[in-house]
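Note sheet for the following structure.
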Amino acid sequence: MSEFISNVNTVLYSYVLIILLVGGGIYFTIRTKFMQGATLKEQLTSVAEKPKDKKGVSSFQALMVSTASRVGTGNILGVASALMFGGFGSIFWMWIIAILGGASAFVESTLAQIYKKKGPNGCYGGPSYYIEQRFKCRPLAIVFSVLLILTYGVGFNMLASYNLQSTFDIYSFYDSKITPWIIGAVVSVLVAICLLGGGKRIVKTTGFLVPIMGVAYIIVSIVVVCINIKAIPEVFAKIFYEAFDFKAIFGGLGGSCLMYGIKRGLYSNEAGIGSAPNASASADVSHPVKQGLVQVLSVFIDTLLICTATAFMCMSSGVVPVEGMKEATYVQACLTKTLGGFGPIFITVAMVLFAFTTLIGNLFYVDKAIIHVCKKEPKKWIKNTYYIIFSMLIPF
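Using this note's numbering, the first residue of the sequence shown is number 93, and each one after it goes up by one.
Okay, structure coming up:
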């Protein structure tokens, strides 16, 4: 069974998804005449648009929910993994994929606005809604919703919570048999509190936490880069040299900087995967395209800012990962060298915030998928029941 799962995973993760997502990004970039760069001014102005209904979700709030889900532990550990196994050149290909992904994010979020439904507690929509309406195929739409519930409510959230507690294992108080359960229980309770407050509390929580954690992370990365400013020319030289070392790339494609960069770009910003449109549909905007433009910014924030910040903090430090080193340990070692004892503590705090906002952002998507399957908003006691179930999965 283990070998079977591994083989299927290799085919999907290394070939099928990459061809579909990169191909989609290139196609949409061409069809929209490279709107990612051409509409930068409109992207920024669309974020500031106020909802017509004062109780509605603004473009900025929808942006924060989608960014909360996108910006997670992968922005730290995933980037560290790409550097450790793919080298500096992987960062260049990560940038390219993020730019292409902006077009995919634009299209899927615009579609979510076009085909959204109005309910008693605001608007909801996403890929399941436009699959059902455009292809007249509800069974396929339900399959998408069920897979989204399992992926974001169970798989991604259990991974995020595992990564969250893994940053504590460098501290003396960490006990592998007890500490993860304590951390899991605390996070579980906090997530449940946000969920039981309903969608509005989720929107407000992410709207408050995401800008703070994002700005703080960027500021610290700039400080680290300034301290190691002499190393930056060499860092850029290695990025471009390794990115175009085609002999190394095609000699071992599966483990090359090209493949690691593509994977990091695709699975960090989630462009084309169909998650962010569930948040986009909730926004109250004057035109569907405006929310599409806002989601392009979310991709750029995730990859071109947060992922790049992690990469430069690690690359400029001069720390070389050794065999058997964990990703979290590598990032903490990089910051320890530059910032001393503050470095590991900062990474731990960042991981906690990134993981926490990912947990509640993902469950916002789950909520919308359940509404689609039920054809209406479930009764409050039903919603509270599945909120508690998903929260209880976190410690495990």
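Glycine included, each C-beta is placed from N, C-alpha and C at the ideal position.
It should be emphasised that the depicted structure is a prediction, and the values quoted were computed from it without experimental measurement.
Sub-8 angstroms separation of residue i and residue j beta-carbons
i      : j      : result
Gly218 : Ala195 : no
Ile439 : Thr259 : yes
Gly353 : Ser182 : yes
Glu141 : Ser372 : no
Thr395 : Met186 : yes
Thr430 : Asn320 : yes
Ala172 : Val465 : no
Gly178 : Cys349 : yes
Val391 : Gly170 : no
Gly245 : Val458 : yes
Leu397 : Ile310 : yes
Val386 : Ala154 : yes
Ser408 : Ala323 : yes
Where residue i falls: helix, strand or coil (DSSP)
i      : result
Val368 : In the sequence as displayed, the identity of residue 368 is Ala instead of Val. Three-state result, Ala368: coil.
Cys215 : strand
Lys467 : coil
Val235 : helix
Ala375 : strand
Lys209 : strand
Val149 : strand
Glu415 : coil
Phe488 : coil
Phe126 : coil
Val307 : helix
Gly575 : The chain is shown only over 93 to 488; residue 575 falls outside these bounds and no answer can be derived.
Ala174 : helix
Gly353 : helix
Phe56  : Past the boundaries of the shown model lies residue 56; the chain is included only from 93 to 488, so the question cannot be answered.
Length of the line joining the Cα atoms of residue i and residue j
i      : j      : result
Ile274 : Ser280 : 10 angstroms
Glu224 : Thr165 : 33 angstroms
Glu134 : Val411 : 40 angstroms
Leu109 : Ala190 : 15 angstroms
Thr131 : Met305 : 27 angstroms
Met156 : Thr271 : 30 angstroms
Ile480 : Ala368 : 23 angstroms
Lys455 : Asn167 : First, the amino acid is wrong: residue 455 is Leu here, not Lys. Near 19 angstroms, if we compare the C-alpha coordinates of Asn167 and Leu455.
Ser483 : Cys286 : 10 angstroms
Leu301 : Met443 : 13 angstroms
Phe152 : Val441 : 24 angstroms
Asn476 : Ala284 : 9 angstroms
Phe184 : Ile474 : 46 angstroms
Ala447 : Thr202 : 27 angstroms
Gly129 : Thr121 : 10 angstroms
Val235 : Tyr222 : 13 angstroms
Val199 : Tyr263 : 45 angstroms
Met250 : Gly435 : 26 angstroms
Thr102 : Pro143 : 44 angstroms
Lys460 : Tyr207 : 14 angstroms
Ser94  : Phe265 : 34 angstroms
Ile452 : Gly432 : 32 angstroms
Status (buried if at least 16 other CB within 10 Å, exposed otherwise) for residue i
i      : result
Leu112 : exposed
Leu445 : buried
Met176 : buried
Gly247 : exposed
Arg123 : exposed
Gly115 : exposed
Ile97  : exposed
Leu240 : buried
Cys229 : exposed
Asn362 : The sequence shown places Glu at residue 362, not Asn. Glu362 should be labelled buried.
Proximity test, residue i beta-carbon vs the ligand PLP heavy atom, cut-off 7 angstroms
i      : result
Ile354 : With respect to the ligand PLP, the structure shown offers nothing to examine, as it has no ligands at all.
query = Are there three or more Cβ pairs, one per stretch, closer than 8 angstroms when the segment 207 to 222 is compared with the segment 381 to 389?
reply = no
message = Is it the case that the segment 397 to 409 contacts the segment 306 to 322, given that we only count it when at least three CB pairs across the two stretches are under 8 angstroms?
response = yes
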